[in-house]
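Single-structure report; data block below.
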Amino acid sequence: MAFGKRSGSPDTSAPAAPRPAAPVAQPRPQVSKPKVPDAVQVKGAPKLQATAPKKSEPKPEPVRKVNQQSEQYYATKTTVFNALIDTIDLSQLAQLDAESAREEIRDIVVEIISIKNVLMSISEQEQLLDDICNDVLGYGPLEPLLARDDIADIMVNGADTTYIEVNGKIERTNIRFRDNAQLMNICQRIVSQVGRRVDESSPICDARLLDGSRVNVIAPPLAIDGPTLTIRKFKKDKLQLQDLVNFGSISEAGAEVLRIIGHSRCNVLISGGTGSGKTTLLNCLTAFIEPGERVITCEDSAELQLQQPHVVRLETRPPNIEGSGEITMRELVKNCLRMRPERIIVGEVRGPEAFDLLQAMNTGHDGSMGTLHANSPREALSRVESMITMGGFSLPAKTIREMIVGSIDIVVQASRLRDGSRRIMCITEVMGMEGDTIVLQDVLKFEMDGEDENGKIIGTHRGTGVGRPRFWERASYYNLERELAAALDALGS
Ligand SMILES: Nc1ncnc2c1ncn2[C@@H]1O[C@H](COP(=O)(O)OP(=O)(O)O)[C@@H](O)[C@H]1O
Ligand SMILES: [Mg+2]
């Protein structure tokens, strides 16, 4: 079967020029112990915290009442916590299941409260107990945030400042850590679960929580105001295309066009900024893959949730503490090609793997998809071009462009607008070359009309009047001609 474009594509089998020698991984200086003792195991650790709470500076701004607590509460908590640590052997506590451990802690905390003559209401005591259990057994003050499903991101900027993103808006919370040492302990606990370490000698670390949430830690001295932790929470129930329609991210007719694009196995790039909804959209598009197809996904950290039975999921691997053992996206994508895939899905294209993905798209793996960071379809394609150039393939620019034109059918642009909403800004076709330039054609565009009194952006998804898009031929091959005609009509213009 020939779909015009692809059959006339330039010869891309040119052997890849060797990549420039990768910089030799710097062996990290050997450090005997993580700098920050882990309160759970290290008996002496609380001594470090003995001086807390150290600050009583006035808070700069009124903070939303996520978890309204006073300085006094934190002071009490520190006292009780330190007394607890002195009393029990935390490493033994770790052997118990959560319930019994909690009971154990409860008994001791109640005792401490009465010995120290702390005045507290029952509900405050319960709160204190919760907090302390979270500190000892889990991710401390982060626990209540991790438990909430409506939070997309958690951003901790040092012990005193935590922001969250809810409904596309960033807001400050009242969550606080005792001090930077406690925050660092928690970061350490998180990254040690994936066999990594974060401390002054290796202050940058990516990890993942057990629930799939992605974590980045950057510690002092690089982060000037204290350990900085960013968590992109894993959404158990990924949004469906219909949800996107309900949110107004795309019109009903636009969603239908996307459905046809998915079904007719167009090669798609999803472009957008960070947090613009690229991965979500990619996940939506994968819903249209036939159950019989063999799909291979390559991601930096597995986020996609394909519902099909025949899916192989691959994940890159960062270098280990000694700086070796890294498996790059390019290696994964190359390997993929030897695994007889029918479609290849690349979570995020950011380097020389762009070349291999294009090759795959061009050599019979129709319906492959990937996301990439760019602000417009045109920018997306020029980024692909520069990724290939920078990857050390010595191909003339025109050849690379021809290769792009020969392999990518559609670019979908996603954006996070200033009101926090996510929109599909355009569905754009890659038409061909005119001289040295790639010709693009929008099929659908989001047009902003203004904003309402609450600052919400108002706008419409409009068709651009294209009656016969380039992927018409493919759609008709998959018997979707009539649906496509109807959807294009319904787009309006
Ligand atoms: N159309 C949308 N409407 C509302 N929220 C969305 C939409 N698309 C994505 N989100 C949410 O935005 C966050 C970031 O989405 P994600 O797809 O991971 O972005 P990206 O891959 O571009 O960084 C997620 O919490 C996701 O659930
Ligand atoms: Mg993403």
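Using the numbering used here, read the sequence shown as starting at -12 and increasing by one per residue.
Where a beta carbon is used, it is the ideal one built from N, C-alpha and C, also for glycine.
Here the C-alpha atom of Ile95 lies approximately 21 Å from the C-alpha atom of Gln59.
Within the region 280 to 356, the alpha helix (DSSP H) runs of at least 4 residues that lie entirely inside it are, in chain order, 316 to 323 and 340 to 349.
Exclusion of Glu340 from the 7 Å shell around ligand 2 follows from its C-beta lying no nearer than that to any non-hydrogen atom of the ligand. In this structure, DSSP gives Leu256 an extended state, which the three-state scheme calls strand.
Ranking Cys271, Ala88, Thr217 and Ile248 by CA distance to the CA of Asn466 puts Ile248 first.
Distance from the C-beta of Phe234 to the nearest heavy atom of ligand 1 is below 7 Å. The beta carbon of Asn121 sits closer than 6 Å to those of Gly127 and Glu130, all from its chain and outside the five residues before and after it, given in chain order. Across the structure, Gln227 and Leu293 are spaced so that their CA atoms are roughly 12 Å apart.
Secondary structure within the region 356 to 404: the beta strand (DSSP E) runs of 3 or more consecutive residues, fully enclosed, are 356 to 360 and 397 to 403 (chain order).
Membership of Tyr60 in any beta strand (DSSP E) is not indicated; the residue belongs instead to the alpha helix (DSSP H) covering Glu58 to Thr74.
One thing to note: Glu340 has its Cβ within 8 Å of the Cβ of Met316. For Ile119, the closest C-alpha among the options Ser480, Val185 and Thr66 is that of Thr66. The residue from Leu272, Asn254, Thr149 and Lys222 with its alpha-carbon nearest to that of Asp212 is Thr149. Apart from sequence neighbours up to five positions away, the residues of its chain that approach Met142 with a beta-carbon distance below 6 Å are Tyr150 and Thr217, ordered along the chain. If you measure from each CB to the nearest heavy atom of ligand 2, the residues under 7 Å come out as Lys265, Thr266, Glu290, Gly334, Glu335 and Thr358. Its Cα nearest to that of Lys265, the residue Ala361 stands out among Ser480, Cys323, Ala361 and Glu470.
With a cut-off of 7 Å, the C-beta of Leu404 is classified as distant from ligand 1, since no heavy atom of the ligand falls inside that distance. Per DSSP, Leu216 lies in no alpha helix (DSSP H); the unbroken beta strand (DSSP E) holding it starts and ends at Thr215 to Arg219.
Taking all protein chains in view, the Cβ of Ala62 is surrounded by fewer than 16 other Cβ atoms within 10 Å, so the residue is classified as exposed. Glu280 is a Cβ neighbour of Glu329, given a cutoff of 8 Å.
For Ile283, the closest alpha carbon among the candidates Ile331, Phe342, Ser238 and Gly125 is that of Ile331.
Taking a contact to require three or more Cβ pairs closer than 8 Å, the region 227 to 242 and the region 191 to 205 do not qualify as touching.
Taking a contact as a CB-CB distance under 8 Å, the pair Gln428 and Met412 does not count as one, their CB atoms being some 15 Å apart. In the DSSP assignment, Lys432 falls within the unbroken beta strand (DSSP E) covering Thr424 to Glu438. In this structure, ligand 1 has a non-hydrogen atom nearer than 7 Å to the beta-carbon of Thr261.
Just so you know, the alpha carbons of Pro383 and Gly407 end up roughly 41 Å apart. The region 455 to 474 makes contact with the region 412 to 422: 3 or more CB pairs, one atom from each, lie closer than 8 Å.
Boundaries of the beta strand (DSSP E) around Ile444: Ile444 to Gly450. Membership of Tyr150 in any alpha helix (DSSP H) is not indicated; the residue belongs instead to the beta strand (DSSP E) covering Thr149 to Val153.
Under a 10 Å Cβ-count criterion, Glu86 is classified as exposed, with fewer than 16 other Cβ atoms of the shown protein chains found around its own Cβ.
Here Ile119 carries a helix assignment [DSSP, helix/strand/coil]. Three or more Cβ pairs drawn from the region 342 to 351 and the region 387 to 395 lie within less than 8 Å of each other, which places the two stretches in contact. When rounded, the separation of the alpha-carbon atoms in Asp186 and Pro207 is 8 Å. Around Arg252, the same chain offers Arg330, Asp353, Gly354, Arg461 and Tyr465 as residues with beta carbons nearer than 8 Å, after the five sequence neighbours per side are excluded. According to DSSP, Thr266 shares a beta bridge with no other residue. Counting other Cβ atoms within 10 Å of its Cβ, Thr160 reaches 16 or more and is therefore classed as buried.
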